[in-house]
Structures are given as C-alpha cells and as structure tokens.
Amino acid sequence: MADMTNANMETNTGTARTDGNPARGDAEQDTPGTRPAEQDAGPDPAGLTVAVLGTGIMGFAMARNLARAGFAVRAWNRTRAKAEPLAADGVEIADTPAAAVADADAVLTAFIDGPATLAAMREAAMGLRAGTVWTQTGTIGPEALTELAGLAQAHGLRLVDAPVLGSKGPAESGQLLVLAAGARDARPVADRVFDAIGRKTLWLDEDASAGAGSRLKLVVNNWVLTLINGAAETVSLAEGLGVDPRDFLEAVAGGPLDPGYLRIKAEAILTGDYTPQFALSGALKDATLIADAAARAGVRLDLAPAGAARLRRAEEQGHGAEDTVASYFASFPK
Ligand SMILES: NC(=O)c1ccc[n+]([C@@H]2O[C@H](COP(=O)([O-])OP(=O)(O)OC[C@H]3O[C@@H](n4cnc5c(N)ncnc54)[C@H](OP(=O)(O)O)[C@@H]3O)[C@@H](O)[C@H]2O)c1
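No gaps in the numbering here: position 244 of the sequence shown is 245 in our numbering, and each next residue is one more.
Right under this line is the structure:
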C-alpha cells in the first residue's frame, strides 16, 4: 500500500529523489529536458534569500524545505496565522508581500489561482527588484501566464512557470516534480530552489509565457481527475449494488486495472479519511481550467465536464474543503 499521506488528486509521480544522472537508474531519467544537476550547479543556497508568497498546503511545505536547505526565507500569507509555524524553522514572517520580497533573490508563489497570484505580486511590486527570479508553482492554467509575464516584464523579473506534481506528502518530503519553463539565465537560481522542493525538474521551454509547464500540468490533472472520479464513483456503485467494495479491489488486485492511485483513494473512502491533501474546491478549479483550455484548443471532452459537475455537486453538498476523494459523496443525495 502506498503512503496514505501522498493520496491526492495532484499526483505523486514517484518516490525516489534523483539528480537526473542516468547512472542512477531512475525510471524517468531519460526524459528530454531533465536537468543533470552537475551541469549547471548554481549559487550556494546559504547566500540566497527566497520570498515565499502563499503558504497554504503546498507553499507552507515548500517554504519549510527551502529554510531547511539553507536559504534565508521570508514568507507572506493572506491568513498570517497559517504562515506563523514556519518561524520555528527560522522563516521570517512578513506583514505584506512587499516586505517579503524586498531584496529577495527569488520569489516563489504558491497561490490557488492566477488572479490571486497576480494580485499578490502587484501588492509586492514596490519591494521587487529587477533581476529577481520568480518561480510560480501554482496550477493556474496557461492563460493566466500572459498577465503574469507582463507584470514580470514591467518589473524586470525573470519569470519561471513551474507548476508542480505531487501532493502534500511529496511537498513535505521535498519530492515534487517541477515542470519548468523559463529563460536560461534564470535557471542557476531557479534550480537551487527546485532542488530544495523537488526530486526532479523537467525544463520544458525557455519562454515562461508560452505556458509549457502549465499546459502539461493540465494534461496530467485531467488524467488524475479521471482516475479519482472513477474510483469514487465505482466504490459508490459497489455499495449501491450491495457489493463489498473490498471485493471489487480484490477482483482487480495486481493486474492492469489496479493502479496505485485506485488503492489510495478507495482506502481513503473506506476509512472515511477526507483530510485534504488537495481540497476538492481546488480540484474543481483545475477541472474548470481544463475545460477552458480544451475549448480554446477546439478539443471536445466528455468525461472532464461530467467529472467537473460531480465535483461541483460535492462542493454544493459542503465537501469543498475536504480532500478531492470526497467526490464520492456526489453519488448520493445530501
Ligand atoms: N495540494 C496539492 O496537492 C497540490 C499539488 C500540486 C499543485 N497544487 C496547486 O498549488 C496551488 C496551491 O495549492 P494548495 O493545495 O497549497 O492550496 P491551499 O492550501 O488552498 O492554499 C491556497 C493559497 O492561496 C492563498 N489564496 C487563495 N486565494 C487568495 C486570494 N484571493 N488572495 C491571496 N491569497 C489567496 C491562500 O491564502 P489563505 O491561507 O489566506 O487562504 C493560500 O496561501 C494551487 O494552484 C494548487 O492547484 C496543489
């Protein structure tokens, strides 16, 4: 059984940290764009200051790992109380975004969506200095990058679009996969940041505004949403038909119909553990981003809109703050 703390719609894509060295035998070692760490060792984290804006589930874990890796870290969160426990790791809690980013070498944003990211960075504007590397790690969709890139250009920031794969567990253990796109001159600093939060970085493009990372993130999350809604719906169908869901799990055990994600999510339902690894309302946000992107691309999706309707129904039933696996409740009247 996989680690239950990793159970989440935002995918745990693996477990082993890698430095991208082909000699290490990592399953994803040959992915084009994977950065061999030896090629471009950047500055020492001890000499760098990173501002983390947005300390929700993901931002909190990333800020702590940055501090533990030796960066000087300043954090700001709209709800200050959520950031305050980071002080135990030496993180300085700032009252405003501008205070957090002052003289920072890098800014890492981890907001729920594009508008929140843009609003915070606009608030930070007076503290930003030209040349600062801005790594945006939220799942914000490619469309939002146009305005973010405009703001970056206006302030001379080096924007790296860097959505992450992996949920609360991988974020806490520094095992995220970073889907990065940004200019080469941003990479020495960005790579040091990514080394502290992730197990591997895929550099996909040199133009952050083209949204290569954000587009790949939506593709992955469409698959994840398909799996999670399928698991939730199938467990509820079993119950409705008088079938023990564990008999269903036993029937598919060990074969190609038995992905680890099914095990994790079905177990969460069967044990009633809806602790948010990624909140259902956030998954609904992603489903909306996926639908918008597909419509712009002229791609007809059928499962995705149905899945979004399911998440919306569960949210209306009061499950928005629970883990996405609470999609299960959408199968039943409130
Ligand atoms: N959790 C995961 O498994 C996971 C994995 C990969 C990627 N992601 C993505 O990473 C991002 C953060 O996810 P999360 O799970 O950390 O979400 P979260 O726990 O809900 O945190 C969201 C963050 O955004 C802030 N925020 C929301 N609306 C805001 C606004 N209008 N103005 C200022 N701040 C605002 C929140 O501040 P408050 O604390 O004040 O509400 C909080 O810091 C999302 O884009 C998500 O899709 C999540």
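Glycine included, every Cβ here is placed at the ideal spot set by N, Cα and C.
These figures come from a predicted structure and were not determined experimentally.
What did DSSP end up calling residue i once you bin it into helix, strand or coil?
i    : result
A342 : Only positions 2 to 335 of the chain appear in this structure, which leaves residue 342 out of reach.
L146 : helix
Q278 : coil
E93  : strand
E316 : helix
D324 : strand
A103 : coil
Q154 : helix
R159 : strand
F333 : coil
R301 : coil
L180 : strand
L290 : helix
R65  : helix
T272 : helix
P23  : The predicted model places P23 with a pLDDT of 27, which falls under 50 and marks its position as unreliable; any figure quoted below should be read in that light. Correct three-state label for P23: helix.
Hey, would you say residue i sits closer than 7 Å to residue j, going by beta carbons?
i    : j    : result
G321 : L281 : yes
A101 : A70  : no
V190 : G43  : yes
V194 : T118 : no
V165 : G183 : no
F72  : L49  : yes
N223 : I291 : yes
A267 : A213 : no
T56  : A84  : yes
Does the Cβ of residue i lie closer than 6 Å to at least one heavy atom of ligand 1?
i    : result
I198 : no
I265 : no
N78  : yes
A47  : no
F337 : Residue 337 is absent from the structure shown; the chain starts at 2 and stops at 335.
V74  : no
M63  : no
S168 : yes
Measuring from the CB of residue i, is there a heavy atom of ligand 3 at a distance below 6 Å?
i    : result
G321 : Questions concerning ligand 3 fall outside what the structure shown contains, since the ligands it does hold are ligand 1.
>> Quick check for students: name the residue ranges of the beta strand (DSSP E) that lie wholly in the stretch 184-268, counting only runs of 3 or more.
In response: 199-206
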